[in-house]
Each structure stands twice: as structure tokens, then as C-alpha cells.
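**Student:** Residue numbers (this note's numbering), protein chains in the order written: chain A, 5 to 332; chain B, 266 to 380.
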Amino acid sequence: MTALTERYVDVVLAHVPEDQREEIGAEIHAMIADMVEARQSGAADPADAAITSGAAEREVLEQLGDPAALAREYARTPQHLIGPDWYPVYMWALRWILPLVGVAALLVNGIVYSATEARPQLGGLIGTALGQTVGALLIAFATLTILLAVVERTSGAEDRSARGRLPGMRPWTVEQLGDRAASGSSVRADALVSLVLIALLAAVPVIPTSFLYVGHLNGGEPFVNPGLAAGWFLGYWGLLALLAATEVWKAVRARLTPGPAFAGITVDVLIAAFLTVALLTQRVLHPALGDEGLLDGALGTVLAVAAVWAIFACDLVSTLRALRESRR
Amino acid sequence: MSSQENEALAIHQQELRRGTVVLASLLTCRTPQYGYSLLSGLEEAGIRVEANTLYPLLRRLEKQGLLRAEWNTAEARPRKYYTLTEAGARVADALYADWLDLTSSLTALRKETTP
Numbered sequence: 005m006t007a008l009t010e011r012y013v014d015v016v017l018a019h020v021p022e023d024q025r026e027e028i029g030a031e032i033h034a035m036i037a038d039m040v041e042a043r044q045s046g047a048a049d050p051a052d053a054a055i056t057s058g059a060a061e062r063e064v065l066e067q068l069g070d071p072a073a074l075a076r077e078y079a080r081t082p083q084h085l086i087g088p089d090w091y092p093v094y095m096w097a098l099r100w101i102l103p104l105v106g107v108a109a110l111l112v113n114g115i116v117y118s119a120t121e122a123r124p125q126l127g128g129l130i131g132t133a134l135g136q137t138v139g140a141l142l143i144a145f146a147t148l149t150i151l152l153a154v155v156e157r158t159s160g161a162e163d164r165s166a167r168g169r170l171p172g173m174r175p176w177t178v179e180q181l182g183d184r185a186a187s188g189s190s191v192r193a194d195a196l197v198s199l200v201l202i203a204l205l206a207a208v209p210v211i212p213t214s215f216l217y218v219g220h221l222n223g224g225e226p227f228v229n230p231g232l233a234a235g236w237f238l239g240y241w242g243l244l245a246l247l248a249a250t251e252v253w254k255a256v257r258a259r260l261t262p263g264p265a266f267a268g269i270t271v272d273v274l275i276a277a278f279l280t281v282a283l284l285t286q287r288v289l290h291p292a293l294g295d296e297g298l299l300d301g302a303l304g305t306v307l308a309v310a311a312v313w314a315i316f317a318c319d320l321v322s323t324l325r326a327l328r329e330s331r332r
Numbered sequence: 266m267s268s269q270e271n272e273a274l275a276i277h278q279q280e281l282r283r284g285t286v287v288l289a290s291l292l293t294c295r296t297p298q299y300g301y302s303l304l305s306g307l308e309e310a311g312i313r314v315e316a317n318t319l320y321p322l323l324r325r326l327e328k329q330g331l332l333r334a335e336w337n338t339a340e341a342r343p344r345k346y347y348t349l350t351e352a353g354a355r356v357a358d359a360l361y362a363d364w365l366d367l368t369s370s371l372t373a374l375r376k377e378t379t380p
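1) Between the C-alpha atoms of A:Ala317 and A:Thr261, what's the straight-line distance to the nearest angstrom?
2) When you compare the CB positions of B:Tyr347 and B:Ala334, do they come within less than 7 Å of one another, or not?
3) Would you grab the beta carbon distance between B:Thr289 and B:Ile312 for me? Rounded to a whole angstrom, and I think it's under 8 Å.
4) Is A:Leu327 near the ligand PLP, judged by its Cβ being under 6 Å from some heavy atom?
5) Compute the Euclidean distance between the alpha carbons of B:Thr338 and A:Leu151, then round it to the nearest angstrom.
6) Go through the region 219–269 of chain A residue by residue and report every complete run of the alpha helix (DSSP H) that reaches 4 residues or more, in order.
7) Just by C-beta distance, which residues in the region 343–355 of chain B are closer than 7 Å to chain A?
8) DSSP puts A:Gln83 in a beta bridge; with which residues?
9) If you reduce the DSSP assignment to three classes, tell me which class A:Gln24 lands in.
10) At which residue ranges does the region 335–361 of chain B contain complete beta strand (DSSP E) runs of 3 or more residues, listed in the order of the chain?
11) Please classify A:Asp38 as buried or exposed, where buried requires at least 16 other C-beta atoms within 10 Å of its C-beta.
12) Does A:Leu74 get closer than 7 Å to chain B when you measure Cβ to Cβ?
13) Going along the chain, which residues of its own chain have a beta-carbon closer than 7 Å to the beta-carbon of A:Leu199, five neighbours each way excluded?
14) In chain B, which residues lie less than 8 Å from A:Glu22 when you measure between Cβ atoms?
15) Using CA atoms only, rank isn't needed, just tell me which of B:Cys294, B:Gln269, B:Gln279 and B:Thr285 is closest to B:Thr368.
16) Excluding the five sequence neighbours on either side, which residues of its own chain have a C-beta within less than 7 Å of the C-beta of A:Val20, listed in chain order?
17) Compare the C-beta of B:Asn337 against all C-beta atoms of chain A and say whether one is closer than 7 Å.
18) What is the C-beta distance between A:Ile269 and A:Thr323, in whole angstroms, given that I count them as a contact (C-beta under 8 Å)?
19) Pop quiz: A:Ala108 and A:Gln136 are said to be a contact at Cβ under 8 Å. What is the actual Cβ separation, rounded to whole angstroms?
20) If contact means a Cβ-Cβ distance below 8 Å, which residues of the region 21–45 of chain A contact chain B?
21) With 7 Å as the limit, tell me which residues of the region 292–322 of chain B have their beta carbon closer than that to any beta carbon of chain A; keep them in chain order.
22) When you check each C-beta in the region 55–87 of chain A against every C-beta of chain B, which residues fall closer than 8 Å?
23) Counting pairs of Cβ atoms below 8 Å between the region 214–223 of chain A and the region 277–294 of chain A, do you hit three or more?
24) Taking C-beta pairs closer than 8 Å, name the residues in chain A that B:Arg325 reaches, listed in chain order.
25) Is the beta carbon of B:Leu349 sitting closer than 7 Å to the one on B:Leu303?
26) Quick one: any contact between the region 238–247 of chain A and the region 198–217 of chain A, if contact means 3 or more CB pairs under 8 Å?
27) Short of 8 Å in beta carbon distance, which residues of its chain neighbour B:Pro343, apart from the five on each side in sequence? Order them along the chain.
28) Would you kindly report the start and end of the unbroken alpha helix (DSSP H) that includes A:Phe145?
29) Let me know the secondary structure DSSP gives B:Leu258 once reduced to three states.
30) For A:Met95 versus B:Gly300, is the C-beta distance shorter than 7 Å?
31) Of all the options A:Val15, A:Ile211 and A:Arg259, which has the alpha carbon lying nearest to the alpha carbon of A:Arg405?
32) Got a sec, what are the start and stop residues for the alpha helix (DSSP H) B:Met208 sits in?
33) Compute the Euclidean distance between the alpha carbons of A:Ile315 and A:Ala308, then round it to the nearest angstrom.
34) Suppose you measure from the CA of A:Glu179 to the CA of A:Trp100; what does that come to, to the nearest Å?
35) Between A:Pro71 and A:Asp14, what straight-line distance do the alpha-carbon atoms span, to the nearest angstrom?
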């Protein structure tokens, strides 16, 4: 064997399991020797055979091709991280787990920041919560990927009917066509975004002005008038809780049906009416803010009421449009 | 044929031949064969297979218990000889029966659909 063949065999063996190297090395040596000999014996003139010995060896090695590819033929291990059997499970897990991890990380880190920081501010909240959430999402993504890659390599190839299903997952039936066709992840994602917005709206009455860097206007008190009767606060939070319940209903159904859609519209109307009454009859903004000039002036009140109903109208149109789409 | 058709044909031919190489190797190994003798035998029989596919395939068939391998060191150069096992013979018979069934099915199908 020449140094060229030895180098070729070494590269192949570097890519095959260690316990098989000796055996596979002997096989490849024998294979190359036979192929070179066959080529040389095909030469008409014995002198040519000697001259073409090196060329024959090169031809044989090139015919065998990339040694890494030959090693893959021997090893026959999966060349993909997650193959077609487990890919749907992987995507399903990513679609479910990553949003949950993202929302949970945002909430937990937001709450921890607000509770531990002496003077919480928007920039700090966003920076802390987003930074920690990105880390949590990356860890969740990496964990799922590694887990499925391990399952891919350890699940038995003999039972292909069970591959691609986690324990407890039901086998596919045609009923699932209905589930998937109407569903979806978009309905759940919309509901999730709505829940986050509702949580933000619920926080509005207690957010201190220092949070948005204007604490000097009223000594770091909330934007909303703390002198409002408790009933206004409880009513506001109660209506938001109802709205949140309709969003949870949509997320659980995973499709937009008339029930949760009309319940959501009804609660929207109640909230818009509640805010209209509050704006027209109460001093909603903190008295130290705006100095009678912003929301407490007549024009400001009209603008605020108009904005409330404009938001309601947009929400109504988008809900009805989504409902029509889902019924197609 | 257009280059696109040729490309598609090459892919399907490869798929079609992949399984036949296993059956052809099992049938040929009813008499002991070493790698290169099997390669030449298949080529002479009109079954084209690359060496870099055949040698690893023989190893997998050996692992599956369909072929028995023995190194022959009596010759000038050591060679690994493969022989069909009893299990291999049963599998080869079953595959061959499948092949005949497929052939007759395809023939009948072609006859039925020929205008």
C-alpha cells in the first residue's frame, strides 16, 4: 500500500466508530488492492502496468470518492439532527413550549424587577425582563433540540409506527384534520398577546409616573387620580378580568367561535361605556398632571372618549373579520 | 429527453436499483464471494453498483445475519469472503418472490393501461 492509500484509509477510519476501525480498515485495504489489481491487469502491455500503477491507484481512490462519504456509508448514522419521524413532534413542542416560556419569563422577571427595585423604571423593566427572557428562550430551544436529537438516535428503528409520537400522544386520526384546519396557533397567539395587553392595562392605575421618567410632575404618584372611589378601580379591574377570561376561552378552544367572540365584544362594549362614564364624570388623571389642561379639559375629555370608542371599533371590526375567516 | 427528464430518471433509477442490489448480492453469495468478485459478478450480470456502496452494504447484511463473513488468509492477499446464511437464503427467497409478484403486477398494469 502506498502512502496515498494509507492517507485515504486513515481519513475514512477517522469517521467510523473506534471499535470497527480495524475490521473496516482491513476491508478497505483489500477492496482498494483488488480494484487496483483489476485495473492493472487490464493493461495490454506489462510495461504499461508498471507505469500506470500510481495512476490506477489514483483512479480507484477517486472512484471510491470522498472518504468522509464512504465512512458515512459504513457508519450509517443519521446525518440530520432531527429526522422526519420526530420533526413534527419537535415543531409541536417548539410552538407550545417557547411561547409559554417566553410569557412566563417576561412576567416573572417583570414582577421580580418591580418588586425588588426601589424605583422601577420602564427602561430598566424592559432591559431586565427582555434580557432574561431571551436567555430563557435560548435555553428552552437548546434543551428541546438536544432532547429530540437524543430521542432521534436512541429510539428503535424497528418500531416505526411508534416513532414520532411521545408517550401518551394519540395516533393520528382524520379528526385531527378538523382541529388543525380551523386552528390555530394564530388564534392562540392573538389570545396570548391580548392577555399581555390586558395585564398592562390592569397595571395602568398603579404605574407611578417615575416609571416613565416624569416622576417630578407629581412626586412619583400614579398617573391615575388616587382619589377616585375604590369602586371605579374595582370595576375597571373586574371588567378586564372578564375580558381576560374570554381570551383564555379563545386560547383553550384554539379557534375563534361565536361564543367567545361575542362574549369578548360584549365585555369590550362594557369597558368602553365604563371608561366613557368615568371620563365624563370623574377626574381620572392625577390632579397634579396636566394642570387642568390635558384630559381634564373639555376637549381632552372628548378626545379621550373618542379614542376609547375608536379602539373599540377597531377591535370589533378585527374580531368580526377573524370570525368570518374562521367560519370559511 | 430533456435534461430535467434525465435528472428525474436518474433519481428514480437509483431508487429502483437500491433494493435490487441487496437481492442480487444475496443471490450471488450463494457461492462464497469476496467484495471485488461480487462487484465484477454483478456488473457482468448487468447490475451496476458502486464499490463505495457495495462494501458497506455487505457489512450491513453481515450484521443482519444474512451473510456470513470469513477472512481467507491462505491467498497472497487476505480477502473477506461472504456466504449466504440460512436466514439470508430465506430472506432472499422471500425478496425474489416479491420481485416476481411486482414484475407480474407491473406487466399486467402496463398491459391494462396500454391503449
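Where a beta carbon is used, it is the ideal one built from N, C-alpha and C, also for glycine.
Note that the structure is predicted; figures quoted are calculated from it, not measured.
**Tutor:** To lay it out plainly:
1) 20 Å
2) yes
3) Per the sequence presented here, residue 289 of chain B reads as Ala, with Thr not at that position. Contact holds; Cβ gap of about 5 Å.
4) You won't find the ligand PLP in this model; it holds no ligand whatsoever.
5) 47 Å
6) 234–257
7) Pro343, Arg344 and Lys345
8) None, per the DSSP bridge assignment.
9) helix
10) 344–349
11) buried
12) yes
13) Ala248 and Glu251
14) Per Cβ cutoff of 8 Å: no residues; A:Glu22 is ~16 Å from chain B at best.
15) B:Thr285
16) Ile28, Ala75, Tyr78 and Ala79
17) no
18) 6 Å
19) Rounded, the Cβ-Cβ distance is 11 Å, inconsistent with contact.
20) Ile28, Ala30, Glu31, Ile32, Ala34, Met35, Ala37, Asp38, Met39 and Ala42
21) Gly300, Tyr301, Ala316, Asn317, Thr318, Tyr320 and Pro321
22) Gln67, Leu68, Gly69, Ala73, Leu74, Glu77, Tyr78 and Arg80
23) yes
24) Arg80
25) no
26) yes
27) Trp336 and Asn337
28) Leu126 to Thr158
29) Nothing in the structure corresponds to residue 258 of chain B, since chain B is present only between 266 and 380.
30) no
31) Past the edges of chain A, shown from 5 to 332, lies residue 405 of chain A, and the structure says nothing about it.
32) Look at the range of chain B in this structure, 266 to 380, and you will see that residue 208 of chain B is not part of it.
33) 11 Å
34) 20 Å
35) 9 Å
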